[in-house]
Structures are given as C-alpha cells and as structure tokens.
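In the numbering used here, the protein residues as written are 2 to 313. By construction, the Cβ of each residue, glycine as well, lies at the ideal position given by its N, Cα and C atoms. Computed from a predicted structure; not experimentally measured. Here's the structure, in structure tokens; my notes come after.
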Amino acid sequence: MYQPPQVRPSEITPEGVWQQRRRIMQAGALTLAGGALSLALPWPARALTTLGRIRPSPLSTREETTPWKAVTHYNNYYEFGTDKEDPAEQAAGFQTDPWSLRVDGAVHHPRTWALEDLLRGQTLEERIYRLRCVEGWSMVIPWIGFPLADLLRQADPTGKAKYVAFETLYDPKRMPGQRWPILKWPYREGLRLDEAMHPLTILAVGLYGKVLPNQNGAPIRLVVPWKYGFKSIKAIVRIRLVEEQPPTTWSLAAPREYGFYANVNPEVDHPRWSQRRERRIGEFFKRKTLMFNGYAEQVAGLYRGMDLKKYF
Ligand SMILES: Nc1nc2c(c(=O)[nH]1)N[C@H]1C(S)=C(S)[C@@H](COP(=O)(O)O)O[C@H]1N2
Ligand SMILES: [Mo]
Numbered sequence: 002m003y004q005p006p007q008v009r010p011s012e013i014t015p016e017g018v019w020q021q022r023r024r025i026m027q028a029g030a031l032t033l034a035g036g037a038l039s040l041a042l043p044w045p046a047r048a049l050t051t052l053g054r055i056r057p058s059p060l061s062t063r064e065e066t067t068p069w070k071a072v073t074h075y076n077n078y079y080e081f082g083t084d085k086e087d088p089a090e091q092a093a094g095f096q097t098d099p100w101s102l103r104v105d106g107a108v109h110h111p112r113t114w115a116l117e118d119l120l121r122g123q124t125l126e127e128r129i130y131r132l133r134c135v136e137g138w139s140m141v142i143p144w145i146g147f148p149l150a151d152l153l154r155q156a157d158p159t160g161k162a163k164y165v166a167f168e169t170l171y172d173p174k175r176m177p178g179q180r181w182p183i184l185k186w187p188y189r190e191g192l193r194l195d196e197a198m199h200p201l202t203i204l205a206v207g208l209y210g211k212v213l214p215n216q217n218g219a220p221i222r223l224v225v226p227w228k229y230g231f232k233s234i235k236a237i238v239r240i241r242l243v244e245e246q247p248p249t250t251w252s253l254a255a256p257r258e259y260g261f262y263a264n265v266n267p268e269v270d271h272p273r274w275s276q277r278r279e280r281r282i283g284e285f286f287k288r289k290t291l292m293f294n295g296y297a298e299q300v301a302g303l304y305r306g307m308d309l310k311k312y313f
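See below:
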C-alpha cells in the first residue's frame with residue numbers, strides 16, 4: 002500500500018502562496034458575512050471563498066514547485082495559439098461564467114451541472130503534482146481540485162461503462178484557435194474507467210491558491226499526473242461514460258506518435274525523440290524521466306500484464 006508522506010501545509014506551500022491563501026480565506030470570511038459581495042465574484046472564486054478551507058492532500062509530491070510565472074506563461078493550449086506564450090495573452094478575456102458540465106452516457110444519473118453547484122458539494126484539496134509534457138519539459142504545480150471519482154460516483158456508471166470520454170468547449174468565437182483546422186475540434190481525451198476512478202486523477206479548478214487561470218484550462222480541467230500533459234484536457238464541457246475506447250485528439254492527429262494510454266514511460270521513445278530525460282522548467286540540467294512520472298508505486302498495477310510498447 003502507498004504510504005502518504007506526513008506533510009503540513011506550511012511545508013508544502015511556498016511562503017508567497019501561503020500569504021495569498023490567508024488573504025483568500027480572509028476574503029472567504031468576508032464573503033460569508035455579506036452575500037452581496039460574493040455575487041460580485043466570478044463563480045470559481047465564489048466557490049473557493051465560500052469553502053473557506055482548501056485542505057492539503059497527502060498525495061502531494063514534496064518537490065519544489067515551479068514558479069507561478071512559468072506555470073501561467075509557458076502553456077500548451079492550441080485553442081489559444083500554438084506558441085507557449087500565446088495562451089496567457091489570447092485566453093485573457095475568455096468568459097467562463099456561467100459554465101455547465103454535462104455528465105452522461107452509460108450512467109444511471111445523467112446530469113448537466115452548473116459548475117457552481119458541482120463545486121458546492123466538493124471538498125477541495127491542494128495537490129502538488131508533476132506535469133510532464135511529451136515535448137520533454139516538466140513542472141511541479143500546486144493544483145486545487147477534487148477527485149474525478151467523486152463526480153463519476155454521483156453519476157453512477159452502469160455495467161456498460163468501460164471508458165470515460167472528455168470534451169473541451171467548442172466555440173470558435175471564444176476560442177480563436179478553433180477557426181483553423183490545426184486539430185480536430187473540439188479537443189477530446191479519454192481514460193479507461195479504472196484510470197478515471199484512480200484517486201490520483203483530479204478535476205482541477207485552481208492552482209497556487211487561486212482560481213484556475215484561463216491559460217491553464219479554466220474553469221475546470223483534468224489532471225492525470227502519471228500521463229503526458231496532453232491527457233490533461235482543459236475547459237471541459239462534457240464527460241461521457243462509454244463502452245468503447247474513445248477517439249482522442251492527439252491520437253487522431255498522429256496515431257504513430259501519440260497513443261491512447263500516453264503513460265509517461267522513459268522506455269518507450271516518441272518516434273522523433275527519446276523520452277529518457279526531461280527539463281524541469283527553471284532548471285539547467287536535464288533529469289532522468291521516471292516511470293509513470295514518478296507515480297509507479299501507485300499506478301503500475303493498473304497496467305499489469307499489458308505490453309506498454311504496444312499500448313503506448
Ligand atoms: N483543450 C486543450 N487541452 C489541453 C491542450 C490543448 O491544446 N487544448 N494541451 C495539452 C497539453 S499538450 C499539455 S502539455 C497541457 C499543458 O497544461 P498547462 O498549460 O496547464 O501546463 O494541457 C493539455 N490540455
Ligand atoms: Mo504537452
């Protein structure tokens with residue numbers, strides 16, 4: 002069994018964030034005192050403040066976090082440009098309030114959630130997870146989110162549900178990148194049901210103690226820490242439980258290069274480059290890439306008996 006490290010929030014959060022969080026909590030106390038003020042905030046901020054407390058997760062890594070500036074200005078988000086600096090600029094005015102998320106397919110309780118209602122029932126946690134991009138860079142990010150499993154349990158999958166399919170918003174007016182056929186829009190991703198139910202898999206609504214910035218996938222994005230970054234789909238509007246393995250954007254675009262599983266695996270090269278090493282953003286020397294992005298102890302069991310060269 003995985004033994005979570007004993008950590009206190011003061012140990013896992015850099016000082017600046019701590020200060021920031023204390024301010025959020027003070028704002029939270031204010032919000033509870035005066036309802037009118039809370040309505041003036043966009044909904045995720047309302048949710049974060051009214052919850053008042055974001056508990057640290059024992060599943061966090063203790064590695065040093067990547068600075069806020071890099072986390073929010075070195076992004077992949079093709080709906081808002083193909084350069085790393087584009088999303089911070091091009092997604093700045095993206096409207097995420099109101100937002101609804103449809104959960105349907107092979108479930109007993111399909112439902113269209115107003116995101117605010119969905120968050121009201123959740124206990125949010127800060128989880129410091131690595132993000133490893135297939136391009137060879139990595140970051141360590143203090144996400145705020147909740148287990149995807151919590152939402153799926155509420156939907157109550159039927160016996161037919163074997164996979165989970167995710168879809169990003171499709172709205173070329175609001176997402177300018179969708180006006181060009183760079184990818185097959187909307188962006189889609191998928192997980193096997195057991196991967197989706199794994200406690201490490203979260204839906205994130207914030208990072209560094211704040212509401213998720215638009216460039217990082219506001220208002221709600223997936224984070225699957227043992228898989229390459231492209232699995233972690235942003236701005237999700239639909240989650241569908243399905244019987245067959247769903248098509249995914251990058252495997253449609255280049256099936257030889259990007260598989261459905263997309264597990265971080267130093268043993269399986271990308272056809273055009275090695276995956277043995279990675280550059281942690283902000284560091285000069287490359288480091289060795291770890292199997293399953295360092296989460297092997299927790300997730301290797303999901304793939305026992307599978308040929309990961311074939312199912313890459
Ligand atoms: N909708 C959508 N989700 C997406 C992408 C995208 O282009 N569109 N890029 C993916 C890729 S390749 C990576 S590495 C991560 C980057 O997340 P970050 O910008 O928050 O670091 O988002 C993933 N999610
Ligand atoms: Mo990526």
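Check: residue i C-beta below 7 Å from any heavy atom of ligand 1
{"i": "Gly82", "result": "no"}
{"i": "Phe231", "result": "yes"}
{"i": "Ile234", "result": "yes"}
{"i": "Tyr171", "result": "no"}
{"i": "Leu132", "result": "yes"}
{"i": "Tyr218", "result": "The question names Tyr, yet the displayed sequence has Gly at residue 218. Yes - ligand 1 has a heavy atom lying nearer than 7 Å to the Cβ of Gly218."}
Run of the beta strand (DSSP E) containing residue i, from where it starts to where it stops
{"i": "Asp105", "result": "101-106"}
{"i": "Leu253", "result": "Per DSSP, Leu253 belongs to no beta strand (DSSP E); it is in the alpha helix (DSSP H), 250-254."}
{"i": "Val265", "result": "Neither: Val265 is in no beta strand (DSSP E) and is coded neither H nor E."}
{"i": "Glu245", "result": "Neither: Glu245 is in no beta strand (DSSP E) and is coded neither H nor E."}
Check: residue i C-beta below 7 Å from any heavy atom of ligand 2
{"i": "Phe167", "result": "no"}
{"i": "Val265", "result": "no"}
{"i": "Val135", "result": "yes"}
{"i": "Asn215", "result": "no"}
{"i": "Asn76", "result": "no"}
Three-state secondary structure (DSSP) of residue i
{"i": "Met292", "result": "helix"}
{"i": "Arg305", "result": "coil"}
{"i": "Gly283", "result": "coil"}
{"i": "Ala115", "result": "strand"}
{"i": "Phe313", "result": "coil"}
{"i": "Tyr130", "result": "strand"}
{"i": "Arg54", "result": "coil"}
{"i": "His109", "result": "coil"}
{"i": "Pro158", "result": "strand"}
{"i": "Thr32", "result": "Below a pLDDT of 50, predicted positions are generally treated as unreliable, and Thr32, at 37, falls in that range; the measurement from the model is reported next regardless. In this structure, Thr32 counts as helix in the three-state DSSP scheme."}
{"i": "Thr169", "result": "strand"}
{"i": "His141", "result": "Checking the displayed sequence, the identity of residue 141 turns out to be Val instead of His. Of the three classes helix, strand and coil, the one that applies to Val141 here is strand, per DSSP."}
{"i": "Leu60", "result": "coil"}
{"i": "Leu184", "result": "coil"}
{"i": "Gln96", "result": "coil"}
{"i": "Glu80", "result": "helix"}
{"i": "Lys174", "result": "coil"}
{"i": "Lys163", "result": "coil"}
{"i": "Gln20", "result": "With a pLDDT of only 45 at Gln20, under the threshold of 50, the placement of this residue in the model should not be trusted; the figure read from the coordinates follows. In the structure shown, Gln20 sits in a helix (DSSP, three-state: H, G or I)."}
{"i": "Val300", "result": "helix"}
{"i": "Val135", "result": "coil"}
{"i": "Leu42", "result": "coil"}
Residues that residue i bridges to, as DSSP identifies them
{"i": "Ile221", "result": "In DSSP, Ile221 forms no bridge with anything."}
{"i": "Asn215", "result": "Looking at the DSSP assignment, Asn215 forms no beta bridge with any residue, so it has no partner."}
{"i": "Ile147", "result": "The residue asked about is misnamed: residue 147 is Phe in this sequence, not Ile. Looking at the DSSP assignment, Phe147 forms a beta bridge with Leu204."}
{"i": "Ile237", "result": "Thr169"}
{"i": "Arg278", "result": "Lys289"}
{"i": "Arg189", "result": "Glu168"}
{"i": "Lys228", "result": "Asn264"}
{"i": "His271", "result": "Trp274"}
Terminal residues of the alpha helix (DSSP H) in which residue i lies
{"i": "Pro88", "result": "87-91"}
{"i": "Leu194", "result": "194-198"}
{"i": "Gln123", "result": "Note, Gln123: premise wrong, no alpha helix (DSSP H); not H, not E."}
{"i": "Tyr66", "result": "It is worth fixing the name first, because residue 66 is Thr in this sequence and not Tyr. No alpha helix (DSSP H) holds Thr66; DSSP gives it neither H nor E."}
**Request:** Please determine if the stretch 113-122 and the stretch 180-187 are in contact, where contact requires at least 3 C-beta pairs separated by less than 8 Å.
**Result:** Cβ pair count under 8 Å is below three, so no.
**Asked** Okay, do the stretch 151-163 and the stretch 208-222 touch, 3+ Cβ pairs below 8 Å being the bar?
**Response** As far as the Cβ criterion goes, the stretch 151-163 does not touch the stretch 208-222, which means the pair count is below three.
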